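Add 6 to the 1-based position in the sequence shown for my numbering, that's all there is to it.
A short worksheet on the structure shown next.
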Amino acid sequence: MRQIASEPWLGVLLALVLVHAGIRRIPGLVHGRRHRDPQRCFMRADKRVILERAGHRCEHHSVLGGRCRATEDLQADHVHPHSRGGVTRVENGQALCPRHNGRKAARVPWTWELRRLERRREAYFPSGIPAAVVRHGFPGVSPGAVP
Numbered sequence: 007m008r009q010i011a012s013e014p015w016l017g018v019l020l021a022l023v024l025v026h027a028g029i030r031r032i033p034g035l036v037h038g039r040r041h042r043d044p045q046r047c048f049m050r051a052d053k054r055v056i057l058e059r060a061g062h063r064c065e066h067h068s069v070l071g072g073r074c075r076a077t078e079d080l081q082a083d084h085v086h087p088h089s090r091g092g093v094t095r096v097e098n099g100q101a102l103c104p105r106h107n108g109r110k111a112a113r114v115p116w117t118w119e120l121r122r123l124e125r126r127r128e129a130y131f132p133s134g135i136p137a138a139v140v141r142h143g144f145p146g147v148s149p150g151a152v153p
């Protein structure tokens, strides 16, 4: 504590780290822990659908670089992480390259981020395929059931 008092920049750095850690936890607190879907991994058929609707290209999008150009070694990822209550269904899946899947980890996306993803998907999803993300399943339907 003495060192923090004698070095004000160290206190500012510590405060920034704590604020950043707190902000990253807010979506998880907002969405809470829900019943975990007993199915952890996407089935092969589900993964194929997820990759096909993404045009076999990573769905990560950056402000400056646009959509990731990776088309190799794509992974079916839970948009809303399974570990945070997300269901293992095509509607909660996205195609990510290993780099972007690793960066995302178990981060829970904000609702505005989901809406932005849905708007982007309208440009590349095949016509007639819903672009909406379903975090926890349909109301009144158990996570493992398909309506």
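For every residue, glycine included, the Cβ atom is placed at its ideal position computed from N, Cα and C.
Here the structure is a predicted model, which is why all the values come from computation and not from measurement.
- V25 has its alpha-carbon roughly 30 Å from the corresponding atom of R125.
- The C-beta separation of V139 from L123 comes to about 6 Å, placing the pair in contact by the 8 Å criterion.
- From the listed residues R73, V93 and E13, the smallest Cα separation to H62 is found for R73.
- Between G99 and F48, the beta carbon gap of about 6 Å places them in contact (Cβ cut-off 8 Å).
- For the 8 Å CB-CB criterion, A101 and A82 form a contact.
- Of all alpha-carbon atoms in G71, E97 and K53, the one lying nearest the alpha-carbon of D79 is that of K53.
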